[in-house]
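Heads up, the thing below is written out as structure tokens.
Take a look at the structure:
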């Protein structure tokens, strides 16, 4: 469910309020618990649009169709666990996540990452908007070192993937790897030209085999703790880029 919510909120932020698709997005968000029991016709009535309009919207946000939406809604929550928040526990998770990240970000991995970035004609970072919020500083610092880095939300992967060449590098940020639980998304990555890097805390999953390099980013992040580990990785890469 959280995957759908992140995609929808991201779409709303990026588009005008008078966009017809915004109405569909907001209806889906506000009826998220009811949608799984609807069919496409019923959902279209709720949004006061045609089934074909609703289907086009799903495709625009990277989902195949309404059946695909319902299947994702049935997935167990992996990002936002509803366990009691502990101030001390939160602090410890941040520290532990940073330690795990530091211990796994070896000199060899740093050097390989830097080489991929340096050799790439084009460098693109893909991620959910909440992850991309801290990439702006990385973009600016890398540009000051002469390397232009592009950043796009996951909704742009399909469009941008078609423009990549064997000389390019795509960096994906996905803490839990939820983006790759969708078959179409995984297929796009597996067929993508150029080199790929994945920044994630879920290194044991099957989808990691499609990436040239994996950067471990924290562990068991439920309340945004992984952001600190991501910031550590980006700052480390930037500091070592010469």
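Numbering (my numbering), first residue to last: 135 to 376. All C-beta atoms in this analysis are idealised placements derived from N, C-alpha and C, irrespective of residue type, glycine included.
Look up residue 213 in the DSSP assignment and say whether it is helix, strand or coil. Confidence at residue 213 is low in this model, with a pLDDT of 48, below 50, so the placement of that residue should be treated as unreliable; the coordinate-derived value is given next. If DSSP states are grouped into helix, strand and coil, residue 213 belongs with coil.
Would you say residue 271 and residue 144 are within 8 Å of each other, going by their C-beta atoms? No.
Determine the contact status of residue 137 and residue 312, defining contact as a CB-CB distance below 8 Å. Yes, the Cβ-Cβ distance between residue 137 and residue 312 is below 8 Å.
What first and last residue would you give for the beta strand (DSSP E) that runs through residue 316? Careful: residue 316 lies outside any beta strand (DSSP E) and carries neither H nor E.
Taking buried to mean at least 16 other C-beta atoms within 10 Å of its own C-beta, is residue 229 buried or exposed? Only exposed fits residue 229, as fewer than 16 other CB atoms lie within 10 angstroms of its CB.
Terminal residues of the continuous beta strand (DSSP E) containing residue 284? Per DSSP, the unbroken beta strand (DSSP E) holding residue 284 starts and ends at 283 to 287.
Ends of the alpha helix (DSSP H) at residue 231? DSSP places residue 231 inside the alpha helix (DSSP H), whose first and last residues are 221 to 238.
Residue 302: buried (16+ other C-beta within 10 angstroms of its C-beta) or exposed? It counts as buried.
Under the three-state DSSP convention, the category residue 347 falls into: DSSP places residue 347 in the strand class (E or B) of the three-state scheme.
Alpha carbon to alpha carbon, how far is residue 235 from residue 352? Each residue's Cα considered, the two are about 5 Å apart.
Round the Cβ separation of residue 135 and residue 166 to the nearest angstrom and send it over; I've been treating them as touching at under 8 Å. Their Cβ separation, rounded to whole angstroms, is 7 Å, which keeps residue 135 and residue 166 in contact under 8 Å.
Collapsed DSSP secondary structure at residue 105 in the structure displayed: Since the first and last residues shown for the chain are 135 and 376, residue 105 lies out of range.
For residue 273, count the other beta carbons within 10 Å of its own beta carbon; 16 or more makes it buried, fewer makes it exposed. Which is it? By the neighbour-count rule (16 or more Cβ atoms within 10 Å), residue 273 is buried.
8 Å Cβ cutoff met for residue 248 and residue 371: With respect to residue 371, residue 248 sits close: the two C-beta atoms are nearer than 8 Å.
Candidates 327, 325 and 346: which alpha carbon is nearest residue 333's? With distances taken between CA atoms, residue 333 lies nearest to 346 out of 327, 325 and 346.
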